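Okay, structure first, notes after.
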Amino acid sequence: MSVQTNRTESLAESEVFHILGNDRRRAIVQLLGDESGQVDVSEIASEIAASEADTTPVPNNLYKSVYVSLQQTHLPQLQEDAVIEYDSDAKTIQPGPNFNDVLQYIDGHQERHSSVLKLHLALCVLGLVVIALAGLGVPLLSSIDSVLSSVLVLLVVAASSLYQLMG
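Throughout the sequence shown, residue numbering follows my numbering, covering 1045 to 1211 in sequence.
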């Protein structure tokens, strides 16, 4: 049964840091960010236990300890803060409304976001330069329709944005 949180406001930065201050909660967000859609709690527990284990294979008592702590402490906390949606019957989690607010502070995910912003900025600047040079009558570029080129640049930026939102 999926329990919805009543939280509607965004997380304050101090709340995000409190959430990420725990290794296991940080691992949950990282692992869920690396996947698309929902993830089984047992998979997350296995991954966390493997990262905490000094031996291979992971001792069963460590896996059980991680699994119980996720169930009793970390998943309820993340759900209360609307970071995840937890289905206790199916034992699955998926990103909640505040997931991206937390994910952006995880190493690697901010870099990807920054790369996309740089790409969009470069596309916009390139489009503006082409439009400006076409308007100034620069040979070869003066034959380009400025409205058409503006629409094409906006379509490329919109398509890239849509791709990032869906991915």
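Here a beta-carbon is modelled for each residue, glycine too, at the ideal position from N, C-alpha and C. Predicted model only: the values in this text are computed from it and were never measured.
Got a sec, what are the start and stop residues for the alpha helix (DSSP H) residue i sits in?
i: residue 1138; result: No alpha helix (DSSP H) contains residue 1138, which is instead part of the beta strand (DSSP E) from 1136–1139.
i: residue 1107; result: 1104–1113
i: residue 1071; result: 1067–1078
i: residue 1089; result: 1085–1096
i: residue 1058; result: 1057–1064
Taking buried to mean at least 16 other C-beta atoms within 10 Å of its own C-beta, is residue i buried or exposed?
i: residue 1207; result: exposed
i: residue 1125; result: buried
i: residue 1101; result: exposed
i: residue 1061; result: exposed
i: residue 1145; result: buried
i: residue 1045; result: Summary for residue 1045: the model assigns pLDDT 49, below 50, so the residue's position carries little reliability; its value from the coordinates is reported in the next sentence. By the 10 Å Cβ count, residue 1045 comes out exposed.
i: residue 1105; result: exposed
For residue i, I'd like the list of residues in its chain whose CB is within less than 8 Å of its CB, leaving aside the five on either flank, ordered along the chain.
i: residue 1047; result: With a pLDDT of only 48 at residue 1047, under the threshold of 50, the placement of this residue in the model should not be trusted; the figure read from the coordinates follows. Answer for residue 1047: 1123, 1130, 1132, listed in chain order.
i: residue 1192; result: none
Please list, in chain order, all residues of the same chain as residue i whose beta carbon is under 6 Å from its beta carbon, the five residues on each side excluded.
i: residue 1110; result: 1089, 1092, 1093
i: residue 1178; result: 1185, 1186, 1188, 1190
Tell me, to the nearest whole angstrom, how far the beta carbon of residue i is from that of residue j; I am working on the premise that it is less than 8 Å.
i: residue 1063; j: residue 1127; result: 6 Å
i: residue 1077; j: residue 1147; result: 5 Å
So the candidates are the options; which of them puts its Cα closest to the Cα of residue i?
i: residue 1202; options: 1138, 1168, 1101, 1150; result: 1168
i: residue 1086; options: 1099, 1057, 1137, 1066; result: 1137
i: residue 1058; options: 1204, 1149, 1159; result: 1149
i: residue 1140; options: 1200, 1115, 1072; result: 1072
i: residue 1198; options: 1106, 1182, 1134, 1175; result: 1175
i: residue 1172; options: 1183, 1079, 1180, 1194; result: 1194
Where do the ends of the beta strand (DSSP E) carrying residue i lie?
i: residue 1128; result: 1128–1131
CB of residue i to nearest heavy atom of the ligand GDP: below 7 Å?
i: residue 1149; result: In the structure shown, the ligand GDP is absent, as is every other ligand, since no ligand is present at all.
Closer than 7 Å by C-beta to residue i: which residues in its own chain qualify, once you throw out the five before and the five after it? Chain order, please.
i: residue 1163; result: 1204
i: residue 1200; result: 1167
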